[in-house]
Amino acid sequence: MSHAFEDGRASYVDQYGNSHVSSQLEPSVPSLGNLASGHHAVDESNRLATVTYTFRDGRASYTDEYGNGHVSRALSAETGHASADADVKRDATIIDASNRIGRVAYVFEDDRVRYADAYGNNHVDGSKSLSVEVETNPKYDKKLAYATEGYSVGTPKRFFKDGRIELVMLGGGGRVETRLYSQVNELSGYAAGTLVAESTGLSGRVTMVFENGTVAAEYKYSYEDKELAATIAAKIFGFDPARIAQDEATWIHLLEQRVLAEKNKWYRFNGPRGLLTAVESGLPALKAQLAARLAREPRLVRSDENRSAVLAILGAATPTPAPGAGEPTKPVTKPGRRGD
Numbered sequence: 003m004s005h006a007f008e009d010g011r012a013s014y015v016d017q018y019g020n021s022h023v024s025s026q027l028e029p030s031v032p033s034l035g036n037l038a039s040g041h042h043a044v045d046e047s048n049r050l051a052t053v054t055y056t057f058r059d060g061r062a063s064y065t066d067e068y069g070n071g072h073v074s075r076a077l078s079a080e081t082g083h084a085s086a087d088a089d090v091k092r093d094a095t096i097i098d099a100s101n102r103i104g105r106v107a108y109v110f111e112d113d114r115v116r117y118a119d120a121y122g123n124n125h126v127d128g129s130k131s132l133s134v135e136v137e138t139n140p141k142y143d144k145k146l147a148y149a150t151e152g153y154s155v156g157t158p159k160r161f162f163k164d165g166r167i168e169l170v171m172l173g174g175g176g177r178v179e180t181r182l183y184s185q186v187n188e189l190s191g192y193a194a195g196t197l198v199a200e201s202t203g204l205s206g207r208v209t210m211v212f213e214n215g216t217v218a219a220e221y222k223y224s225y226e227d228k229e230l231a232a233t234i235a236a237k238i239f240g241f242d243p244a245r246i247a248q249d250e251a252t253w254i255h256l257l258e259q260r261v262l263a264e265k266n267k268w269y270r271f272n273g274p275r276g277l278l279t280a281v282e283s284g285l286p287a288l289k290a291q292l293a294a295r296l297a298r299e300p301r302l303v304r305s306d307e308n309r310s311a312v313l314a315i316l317g318a319a320t321p322t323p324a325p326g327a328g329e330p331t332k333p334v335t336k337p338g339r340r341g342d
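Counting from 3, one number per residue, gives the positions in the sequence shown under our numbering.
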């Protein structure tokens, strides 16, 4: 304020250097609750605020994270931890409703939380929608590998209070799951060392077997004149009796993808997409089973050229079914019990 007048008016200069006269000015006060000059807060638009002044009428002026100035009565001041969960506090690792994992930067009095995800993007959510990292989970061990509902394999990296688990996946990458399946010594004839074939044509040996019908196996393959090895995970063909027809169609589709990749010179080894069967005892019968299915349902591969190529891989000379061909043959592997 520059000058005060007897009629209650006062002259003042605003933040831009402009002069004004008004009778409706409010004096600043040292603080409003936990809001004071230099303190952090969050505004109604979830912008991070740095308080510049607080005023007697309950307003506060502040600068947002982009350097813009505002005045509001709706700021929520920074506090030590969330009232809904004291473990949600600055620097805590949390997971949000979208399975984004982040680190808490600020907690505010209204239980909003500002956190940065793994890519450095900032988010603001209510603390009740976040779950904080914990050291252990009574069901799982960070030293062991587990299978997922989707027949992939990973090792726990983080556990969260609500039961979610961040996994480091076999072959790289991460995923968040809520239910995992443990290793077993043997399942439906599969055990460590069993020779298996993956649906795009690679052969390998089993390294791990899991209770839900997932198998991890090490495969050797060639790429650009180099001999390489990779361990990938997939589902045992026919493990779930109710999904045998779906397994057949999936295997045929993957063979079609192999045909297209080879035709277009694509690099076709693309990780855990295949189904498995024991090579020594089951592969010839499975090929016959798939060829018969494709002969009965040629539209599973719409292109005549690609269908002929798939049938050639399966060892079938013609897509024409034998006269009187009946129902699909039984699965070549003995179905195991699904994990509880």
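Note that CB positions come from ideal geometry on N, CA and C, so glycine has one too.
**According to DSSP, residues forming a beta bridge with Ser224** = Position 222 of the sequence shown, counted from the first residue, corresponds to residue 224. The partner list for Ser224 (beta bridge, DSSP) reads Glu229.
**Item:** Whole-number beta carbon distance between Gly317 and Ala287, since they are thought to touch under 8 Å
**Value:** Here residue 287 is taken as the residue at index 285 of the sequence shown, counted from 1. Here residue 317 is taken as the residue at index 315 of the sequence shown, counted from 1. That belief does not hold up - the Cβ atoms of Ala287 and Gly317 are roughly 11 Å apart, past 8 Å.
**Asked** Are there 16 or more other CB atoms within 10 angstroms of the CB of Leu313, so buried, or fewer, so exposed?
**Response** For the purposes of this step, residue 313 is identified with residue 311 of the sequence shown, where counting begins at 1. Under this definition Leu313 is a buried residue.
**Prompt:** My guess is that Val178 and Ala194 are in contact by the Cβ rule of under 8 Å, so how many angstroms apart are they, rounded?
**Reply:** Working through the sequence shown from its first residue, we reach residue 178 at position 176. Working through the sequence shown from its first residue, we reach residue 194 at position 192. About 28 Å separates the two Cβ atoms, so there is no contact after all.
**Asked** From the DSSP output, which residues share a beta bridge with Thr196?
**Response** Here the question's residue 196 lines up with position 194 in the sequence shown. DSSP, once it has assigned bridges, lists no residue as partnering Thr196.
**Prompt:** In this structure, does DSSP put Pro243 in helix, strand or coil?
**Reply:** One-based indexing of the sequence shown puts residue 243 at position 241. For Pro243, the three-state secondary structure derived from DSSP is helix.
**Request:** Using a threshold of 9 Å, state whether the C-beta atoms of Ala280 and Gly191 are closer than that.
**Result:** Locating residue 280 in the sequence shown gives position 278, counting from the first residue. Locating residue 191 in the sequence shown gives position 189, counting from the first residue. Yes, Cβ-Cβ distance for Ala280 and Gly191 is below 9 Å.
**Separation of Ser283 from Val198, as counted between CA atoms** = Residue 198 sits at position 196 when you count from the first residue of the sequence shown. Residue 283 sits at position 281 when you count from the first residue of the sequence shown. Cα to Cα, Val198 sits roughly 10 Å from Ser283.
**Message:** Taking a contact to mean a Cβ-Cβ separation below 9 Å, would you say Thr196 touches Val155 in this structure?
**Reply:** By 1-based counting over the sequence shown, the position of residue 196 is 194. By 1-based counting over the sequence shown, the position of residue 155 is 153. Cβ distance not < 9 Å, so Thr196 and Val155 don't count as in contact.
**Prompt:** For Gln248, which option in Glu213, Leu296, Lys91 and Ala147 has the closest C-alpha, if you only look at C-alpha atoms?
**Reply:** Mapped onto the sequence shown, residue 248 falls at position 246. Looking at the Cα atoms, Leu296 is the closest of the given residues.
**Asked** In chain order, what residues of the same chain lie with their CB nearer than 7 Å to the CB of Asp93, ignoring the 5 residues before and after it?
**Response** Here residue 93 refers to the residue found at position 91 when the sequence shown is read from its first residue. Same-chain partners within the cutoff: Arg105 and Val106.
**Message:** Which of the three DSSP states is assigned to Leu37 in this structure?
**Reply:** As a first step, residue 37 must be located in the sequence shown, where it is residue number 35. Of the three classes helix, strand and coil, the one that applies to Leu37 here is strand, per DSSP.
**Message:** Between Gly152, Ser100 and Val31, which has its C-alpha nearest Ser133's C-alpha?
**Reply:** Within the sequence shown, numbered from 1, the residue matching residue 133 stands at position 131. Among Gly152, Ser100 and Val31, the Cα nearest to that of Ser133 belongs to Ser100.
**Asked** Considering only residues of the same chain and omitting the five flanking positions on each side of Asp87, which have a CB-CB separation below 7 Å?
**Response** As a working mapping, residue 87 is identified with position 85 in the sequence shown. Correct list, in chain order: Ser129 and Val134.
**Request:** Report yes if the C-beta distance between Tyr64 and Val53 is below 9 Å; otherwise report no.
**Result:** Here the question's residue 64 lines up with position 62 in the sequence shown. Here the question's residue 53 lines up with position 51 in the sequence shown. Cβ atoms of Tyr64 and Val53: closer than 9 Å.
**Request:** Report the three-state DSSP secondary structure of Glu307 (helix, strand or coil).
**Result:** As a working note, residue 307 is residue 305 in the sequence shown. Three-state DSSP puts Glu307 in a helix.
**Asked** What three-state label does DSSP hand Ala86 in the structure shown?
**Response** By one-based count along the sequence shown, residue 86 stands at place 84. The answer is coil: DSSP assigns Ala86 none of H, G, I, E or B.
**Asked** When burial is assigned at 16 or more other CB atoms within 10 Å of the CB, is Lys289 buried or exposed?
**Response** To locate residue 289, count along the sequence shown from 1; it is residue 287. Buried, because 16 or more other Cβ atoms sit within 10 Å of the Cβ of Lys289.
**Request:** Have a look at Ala38, Leu50, Asn214 and Tyr225 and flag the residue whose alpha-carbon is nearest the alpha-carbon of Leu204.
**Result:** As a first step, residue 204 must be located in the sequence shown, where it is residue number 202. Nearest C-alpha to Leu204 among Ala38, Leu50, Asn214 and Tyr225: Tyr225.
**Request:** Could you name the residues that DSSP lists as bridge partners for Gly104?
**Result:** Looking up residue 104 in the sequence shown gives position 102. Paired residue(s): Ile96 and Asp119.
**Item:** Pro286 - DSSP class collapsed to helix/strand/coil
**Value:** Here residue 286 refers to the residue found at position 284 of the sequence shown. Under the three-state reduction of DSSP, Pro286 is assigned to helix.
**Asked** Do you know offhand how far Arg298's Cα is from Gln291's?
**Response** Translated into positions along the sequence shown, residue 298 becomes position 296. Translated into positions along the sequence shown, residue 291 becomes position 289. Roughly 11 Å between the two C-alpha positions.
**Prompt:** So Tyr121 and Leu50 are in contact, right, with Cβ under 8 Å, and what is the actual spacing, rounded?
**Reply:** The residue given as residue 121 occupies position 119 in the sequence shown. The residue given as residue 50 occupies position 48 in the sequence shown. In fact, because the Cβ distance is near 18 Å, the residues do not count as touching under 8 Å.
**Item:** Classification of Ser131 by the beta-carbon crowding that lies within 10 angstroms, buried from 16 upward
**Value:** Residue numbering aside, residue 131 sits at position 129 when the sequence shown is read from its first letter. By the neighbour-count rule (16 or more Cβ atoms within 10 Å), Ser131 is not buried but exposed.
**Asked** What's the gap between the Cα of Asn272 and the Cα of Ala76?
**Response** Position 270 of the sequence shown, counting from 1, holds the residue named residue 272. Position 74 of the sequence shown, counting from 1, holds the residue named residue 76. Residue confidence for Asn272 is low, a pLDDT of 48 falling below 50, so the modelled location carries little weight; the figure read from the coordinates is stated next. For Asn272 and Ala76, the distance between alpha carbons rounds to 52 Å.
**Item:** Cβ separation of Leu37 and Ala43, assumed to be a contact under 8 Å, to the nearest whole Å
**Value:** For this step, residue 37 is matched to residue 35 along the sequence shown. For this step, residue 43 is matched to residue 41 along the sequence shown. Their Cβ separation, rounded to whole angstroms, is 6 Å, which keeps Leu37 and Ala43 in contact under 8 Å.
**Message:** Using 8 Å for Cβ pairs, my map puts Ala235 next to Leu172. What's the rounded Cβ distance?
**Reply:** Locating residue 235 in the sequence shown gives position 233, where the first residue counts as 1. Locating residue 172 in the sequence shown gives position 170, where the first residue counts as 1. With 8 Å as the limit, Ala235 and Leu172 qualify as a contact, their Cβ atoms being about 5 Å apart.
**Prompt:** Would Asn123 pass as a contact of Ile167 if the rule is Cβ separation under 9 Å?
**Reply:** Position 121 of the sequence shown, counting from 1, holds the residue named residue 123. Position 165 of the sequence shown, counting from 1, holds the residue named residue 167. Not a contact, by the Cβ cut-off of 9 Å.
**Asked** In terms of residue numbering, what span does the beta strand (DSSP E) encompassing Pro158 cover?
**Response** If you number the sequence shown from 1, residue 158 lands on position 156. Where Pro158 is concerned, the enclosing beta strand (DSSP E) stretches over Val155 to Phe162.
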